[in-house]
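J.: Going line by line, the protein sequences match chains A and B.
Note that the working numbering has the first sequence beginning at 264, numbered continuously upward.
Note that the working numbering has the second sequence beginning at 3, numbered continuously upward.
Just so you know, even glycine gets a beta-carbon here, dropped at the ideal spot from N, CA and C.
The structure that follows is given in the form of structure tokens.
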Amino acid sequence: MGLNGVLARAAVTRCHVFLAEALDGAAPRMAVERELARRGWVEALSPADADILCVCGEVPGGQADAIHRLWDQLPGPRARVSVEQTDDAGARLDGCVAELLDTAGQRAQEAERWVQPDDDDSDAGGMDHSGMDHSQMDHSQMDDGQMDDGQMDHGQMDHGQMDMPMPGGIPLAGEGTDRDGLNLDVLKVPLGPYLPLWPAGLVLHCELQGDVVFGSAIDFPFGAPETGPAPGPDGRASVIHHLDLALRLLRLAGAAASATRTRMIRDSALDGAALDQCRTELQSELARIRKNGLLRRTLRGIGHIPDGSGLPGIEGTDVWDRLVGMFETAAAGTAAATGTTAAAHTTGPRGAGDPARKLPDLVRGQELSVVRLIVASFDLAPAARTVGVTG
Amino acid sequence: MNGSLVQQLPAWGAVAALAVLVLVALSGAAADGLVTARAERRRGGGFAPVAETARLLRQRPRGTVAADTLLRRVGVVGLPVAAALKVAVLPVGAWVVSDLAVGLVWFNTMDVMVWALVWLSGWGPNSVHSLVGGYRFLALALAYELPLMFALTAPAVAAGSLRMADIVAAQDGLWFVVWMPVAFLVFCAAVLAFSLQRPFTAPLSPDIAGGVLAELSGVERLLLLAGRYLLLAAGSGFGVALFLGGGAGPVLPGWAWFLAKTLVLFWLLLTIRRRVPALRPEQLMAPAWVVGLPLILLQVLVVAVAAVAGKG
């Protein structure tokens, strides 16, 4: 027991937390992220890596199923917490530490977990114990039986379950013609709605061949998110929002150092630092990013929006331009609030029509990593507010 | 040449070599924790690898539906094993665990094995994210492996032997890095690649939820993460033996020089990987084959001509 105690003590100094951002959960998410950074904890990229499932924002009853399935994927010892207010993130996470340290309690929970049949996975063929689940891609809400179990999902054939071998209750992948006319396996994989570094509430239903997306449809299954800065002169909210977008893109692009510095600027803006100081810092960061040849090479030329596509403001831009645009819009936000310059607030991705509707066209034929960069290069929140969209 | 250049250690030597490898890797992980903490303006951070190890030892194993458990385990256990087998032929000063006549080929075999191991770790969990991670590693490996093989050829040609001890001995007076800079650079890049460090982290990247790591938990995850550091440490050791004169140096004994050089190269590689962003596999292919491969072939040509002229 002594050794267990020591291990537990050491372990909780560095908890990994999986953040599930509900609609309108951006503010609590940022509060939790700031708290994680302060403690030296780590954001988990998948539930398999997490000790704590942290739901940011309020999840209405009808959307809790997906959260429940995420919870089932945490290996344990595990704790679960919901943060709805920005100011109680620290206290809630402390509660989790106590839960994780309770070795006996964790053991009891675990014993319970393995005997309980999982009712919402009933069509998974009995193999699917609650603790043995798949990647979080397929944890979307839709229970239409088309994408419920297993990431190796049915191909174009709809549920030929009678004559298809089903290892572990999962139908084999279907087949389809790839861009060169070859016959390849097709996996139907939904991205979202709870995926790290992904716009809250968005689901992109992808058809994958290898790691190339050859078809997709977008969906906002939980309805329209209200995040994003309120239109108007609130410079600080705009700064925070656009820096948040930029750092997500930077992290996806693998520019960890830049992302860390951008996050610190965002956090100091959250803490109420003088916007003048934020501007200086973010402009020097932008200068550094502009000099980063490798990053430019990664982002240049992908997600290019042709002229005349009905997206005023971002026509002719690629992901790189939009990243720079995020910083510029944030800088403009600092200026608007301090009153030095009043304009330029509406440039950049925001208020730029409806990029979400363009996503399926933009991501067709792209590799998964490029798809992620393209999605992250848009500010989808305002678009989602006005549209109910299925692409 | 004969085998008397280095002394083959008895059985405990293998254990000692493994312990040293783990310590070197741990020093890198701790240093990385410290630097990360400083970048985020926190105190401490050096404890991070210990905390992480405790956390993962405590974590329960977790499976996925219809997983290929055996192959997944082979993959994750294999990475640290491959690193350990690499150092078995590495001369540390005057000592070596196994003075294999084809030591360099042995090293190359182990890093080709990494292809299979990472792929199996990605294949095993039966999950899209892991599988895509596996694909990505194969694409990366295709780009870096040929340049790496030619980079290994250069010191072997110059020394006229595949025995690691002979290669170290052949650098008496002039380190190979001086007249094989291209081979050294390509070798260092390949070390970062086969130990899955940036800019070659596409198989583990956040856009696919951690890729190969996405479904791994507990001890399996620990082995894969540790395997990355161990491979980087082993690669640094080979960099020293192949290009930086091995244990050669004044005053101090050979093993001390060897370890010091290894640590410096190891930390240097860690610093580099912190400063560069990740590359997508398709971006690497063209530079590696269109630029890297001709350059390294030229390097091998120069070395070969010099070796022939030197003999004649």
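1) Give the secondary structure of ARG514(A) by DSSP, where H, G and I count as helix, E and B as strand, and everything else as coil.
2) Would you mind sorting SER547(A) into buried or exposed? The rule is 16 or more other CB atoms within 10 Å of its CB.
3) Suppose you measure from the CA of GLY312(B) to the CA of ALA172(B); what does that come to, to the nearest Å?
4) Rounded to whole angstroms, what is the Cα-Cα separation between THR155(B) and ALA33(B)?
5) Is the CB-CB distance between ILE552(A) and ALA532(A) below 8 angstroms?
6) Quick one: residues in its chain with C-beta nearer than 7 angstroms to the C-beta of ALA311(A), no 5 flanking neighbours on either side, listed in chain order?
7) Give the residues of chain B in contact with LEU515(A), contact being defined as C-beta atoms less than 9 angstroms apart.
8) Identify every residue that forms a DSSP beta bridge with ILE481(A).
9) Between ALA56(B) and ARG75(B), what straight-line distance do the alpha-carbon atoms span, to the nearest angstrom?
10) Taking just the CA atoms, how far does THR580(A) sit from PRO569(A)?
11) CYS278(A) to PRO183(B), Cα distance in whole Å?
12) To which residues does DSSP link GLU306(A) through a beta bridge?
13) Please confirm if ALA352(A) has its CB atom under 8 angstroms from at least one CB of chain B.
14) Run through DSSP, which three-state label would GLN61(B) get?
15) Could you check whether the Cβ of ASP474(A) sits closer than 8 angstroms to any Cβ belonging to chain B?
16) According to the neighbour-count rule (16 or more other Cβ atoms, all chains shown, within 10 Å of its Cβ), is TRP121(B) buried or exposed?
17) Give every residue of the same chain whose Cβ lies closer than 6 angstroms to the Cβ of TRP177(B), excluding the five residues on either side of it in the sequence, and list them in chain order.
18) Tell me whether ARG627(A) sits in a helix, a strand or coil according to DSSP, three-state version.
19) Nearest CA to the CA of ALA118(B): which residue from LEU261(B), LEU87(B), LEU73(B)?
20) Considering only C-alpha positions, which residue in the set MET293(A), LEU510(A), ALA593(A) is nearest to GLY498(A)?
21) So what's ALA607(A) in DSSP terms, helix, strand or just coil?
22) Out of GLY77(B), MET166(B), ARG45(B), which has the shortest C-alpha to C-alpha gap to LYS88(B)?
23) Taking 8 angstroms as the cut-off, does the region 534-541 of chain A touch the region 625-632 of chain A (at least 3 CB pairs, one atom from each stretch)?
24) Tell me whether VAL634(A) sits in a helix, a strand or coil according to DSSP, three-state version.
25) Quick check on the burial criterion: 16 or more other C-beta atoms within 10 angstroms. Buried or exposed for GLU217(B)?
26) In the structure shown, what three-state DSSP assignment does GLU347(A) receive?
27) Grouping DSSP H, G and I as helix and E and B as strand, with all else coil, what is ALA258(B)?
28) Buried or exposed: where does VAL638(A) fall if 16 or more other Cβ atoms within 10 Å of its Cβ makes it buried?
29) Give the secondary structure of PRO51(B) by DSSP, where H, G and I count as helix, E and B as strand, and everything else as coil.
30) Let me see if you follow: with CB-CB separation under 8 angstroms, is VAL280(A) close to chain B or not?
31) With DSSP as the reference, label LYS88(B) as helix, strand or coil.
32) For chain B, check one thing: does any of its Cβ atoms lie closer than 8 angstroms to the Cβ of ALA480(A)?
33) Could you name the residues of the same chain whose beta carbon sits closer than 6 angstroms to that of SER345(A), not counting the 5 residues immediately before and after it, in chain order?
34) Taking all protein chains shown into account, do 16 or more other C-beta atoms lie within 10 angstroms of the C-beta of PRO201(B), making it buried, or fewer, making it exposed?
35) Hey, is VAL449(A)'s beta-carbon within less than 8 angstroms of any beta-carbon in chain B?
36) Quick check on the DSSP output: the alpha helix (DSSP H) that includes GLU321(A) runs from which residue to which?
T.: From the atom records:
1) Position 251 of the first sequence, counted from the first residue, corresponds to residue 514(A). Looking at ARG514(A) - three-state DSSP - the assignment turns out to be helix.
2) Along the first sequence, one-based indexing puts residue 547(A) at 284. With fewer than 16 other Cβ atoms within 10 Å, it is exposed.
3) As a working mapping, residue 312(B) is identified with position 310 in the second sequence. As a working mapping, residue 172(B) is identified with position 170 in the second sequence. Their Cα atoms are separated by approximately 12 angstroms.
4) Taking the second sequence and counting its residues from 1, the one referred to as residue 155(B) is at position 153. Taking the second sequence and counting its residues from 1, the one referred to as residue 33(B) is at position 31. C-alpha separation (whole angstroms): 33 angstroms.
5) What you label residue 552(A) is simply residue 289 of the first sequence in a count that begins at 1. What you label residue 532(A) is simply residue 269 of the first sequence in a count that begins at 1. Their beta carbons are not under 8 angstroms apart, which means ILE552(A) does not touch ALA532(A) by this criterion.
6) Here the question's residue 311(A) lines up with position 48 in the first sequence. These residues qualify, in order along the chain: GLN336, PRO338.
7) Locating residue 515(A) in the first sequence gives position 252, where the first residue counts as 1. Those within 9 angstroms of LEU515(A) in chain B are SER207, PRO208, ASP209.
8) Here residue 481(A) corresponds to residue number 218 of the first sequence, with the count starting at 1. LEU467(A).
9) Locating residue 56(B) in the second sequence gives position 54, where the first residue counts as 1. Locating residue 75(B) in the second sequence gives position 73, where the first residue counts as 1. The straight-line gap from Cα to Cα measures roughly 20 angstroms.
10) On the first sequence, position 306 is the one that residue 569(A) refers to. On the first sequence, position 317 is the one that residue 580(A) refers to. Looking at the two C-alpha atoms, the distance is approximately 8 angstroms.
11) The residue given as residue 278(A) occupies position 15 in the first sequence. The residue given as residue 183(B) occupies position 181 in the second sequence. Each residue's Cα considered, the two are about 43 angstroms apart.
12) As a first step, residue 306(A) is located in the first sequence; it is residue number 43 there, counting from the start. GLU306(A) pairs with VAL280(A).
13) Counting from one through the first sequence, the residue named residue 352(A) turns up at place 89. Answer no: the Cβ-Cβ gap between ALA352(A) and chain B never drops below 8 angstroms.
14) Stepping through the second sequence from its first residue, residue 61(B) is reached at position 59. Coil at GLN61(B), not helix or strand.
15) Here residue 474(A) corresponds to residue number 211 of the first sequence, with the count starting at 1. Yes, its Cβ sits closer than 8 angstroms to a Cβ of chain B.
16) The sequence position of residue 121(B) within the second sequence is 119, counting from 1. So TRP121(B) ends up on the buried side.
17) Your numbering for residue 177(B) matches position 175 in the second sequence. Same-chain partners within the cutoff: LEU246, GLY247.
18) For the purposes of this step, residue 627(A) is taken as the residue at position 364 of the first sequence. Here ARG627(A) sits in coil by DSSP.
19) For the purposes of this step, residue 118(B) is identified with residue 116 of the second sequence, where counting begins at 1. Answer by Cα proximity: LEU73(B).
20) Translated into positions along the first sequence, residue 498(A) becomes position 235. Ranking MET293(A), LEU510(A), ALA593(A) by Cα distance to GLY498(A) puts ALA593(A) first.
21) The residue labelled residue 607(A) in the question sits at position 344 within the first sequence. Because ALA607(A) sits at a pLDDT of 39, beneath the cut-off of 50, its placement in the model cannot be relied upon, and the following sentence gives the value as read from the coordinates. It is coil, neither helix nor strand.
22) As a first step, residue 88(B) must be located in the second sequence, where it is residue number 86. Ranking the options by Cα distance to LYS88(B), first place goes to MET166(B).
23) no
24) For the purposes of this step, residue 634(A) is identified with residue 371 of the first sequence, where counting begins at 1. Helix, per DSSP.
25) Counted from its first residue, the second sequence places residue 217(B) at position 215. The residue in question, GLU217(B), is buried, as its Cβ has 16 or more Cβ neighbours within 10 Å.
26) As a working mapping, residue 347(A) is identified with position 84 in the first sequence. Reduced to three states, the DSSP call for GLU347(A) is coil.
27) Against the second sequence, residue 258(B) aligns to sequence position 256. ALA258(B): helix per DSSP, three-state reduction.
28) Reading the first sequence from its first residue, position 375 is the one you call residue 638(A). VAL638(A) comes out buried.
29) For the purposes of this step, residue 51(B) is taken as the residue at position 49 of the second sequence. Helix, per DSSP.
30) Residue mapping note: residue 280(A) aligns to position 17 of the first sequence, counting from 1. No, its Cβ sits nowhere closer than 8 angstroms to a Cβ of chain B.
31) Sequence index remark: in the second sequence, residue 88(B) carries index 86 (1-based). Reduced to three states, the DSSP call for LYS88(B) is helix.
32) By 1-based counting over the first sequence, the position of residue 480(A) is 217. So no, ALA480(A) is outside the interface.
33) The residue you call residue 345(A) lines up with position 82 of the first sequence. Closer than 6 angstroms at the Cβ level, and outside the excluded window around SER345(A), lie VAL318.
34) As a working note, residue 201(B) is residue 199 in the second sequence. So PRO201(B) ends up on the buried side.
35) Taking the first residue of the first sequence as 1, we reach residue 449(A) at position 186. Closer than 8 angstroms: no.
36) If you number the first sequence from 1, residue 321(A) lands on position 58. Taken as a continuous stretch (DSSP letters only), GLU321(A) belongs to no alpha helix (DSSP H), as it is neither H nor E.
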